[in-house]
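To start, the structure under review is shown below, and the notes come after it.
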Amino acid sequence: VEADAVHEQVVRREVVAGLLEEEPHLDGDVAFGVDATNYVEDRLAERLLGAWRAGESSLRTPV
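Residues 522 to 584, numbered by the working numbering, are exactly what the sequence shown covers, in order.
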């Protein structure tokens, strides 16, 4: 988990910052992408943790 957090910070600082320095007009698109990613990750976490707490599979159709 710690490595993922570090990787996320590297991406934000180096990749996103570099992109926005070169193409500042993309700031709205980048903000949308960040918000969309956070939304999807939160929904996935809710689904997985909810299933885990209920002792159920998180798959829509169990294998």
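Each residue gets a CB set at the ideal place from its N, CA and C atoms; glycine is no exception. Since the structure is predicted, the reported quantities are computational estimates derived from the model, not experimental observations.
Tell me whether residue i sits in a helix, a strand or coil according to DSSP, three-state version.
i, result
"T586", "Since the first and last residues shown for the chain are 522 and 584, residue 586 lies out of range."
"E535", "helix"
"E529", "helix"
"E577", "coil"
"E544", "coil"
In angstroms, rounded to a whole number, what distance separates the CA positions of residue i and residue j?
i, j, result
"L540", "E577", "42 Å"
"D563", "F553", "15 Å"
"E542", "E535", "10 Å"
"L547", "R533", "14 Å"
Considering only residues of the same chain and omitting the five flanking positions on each side of residue i, which have a CB-CB separation below 7 Å?
i, result
"V537", "V551"
Which same chain residues, not among the five before or five after residue i, have their C-beta less than 8 Å away from its C-beta?
i, result
"L569", "S579"
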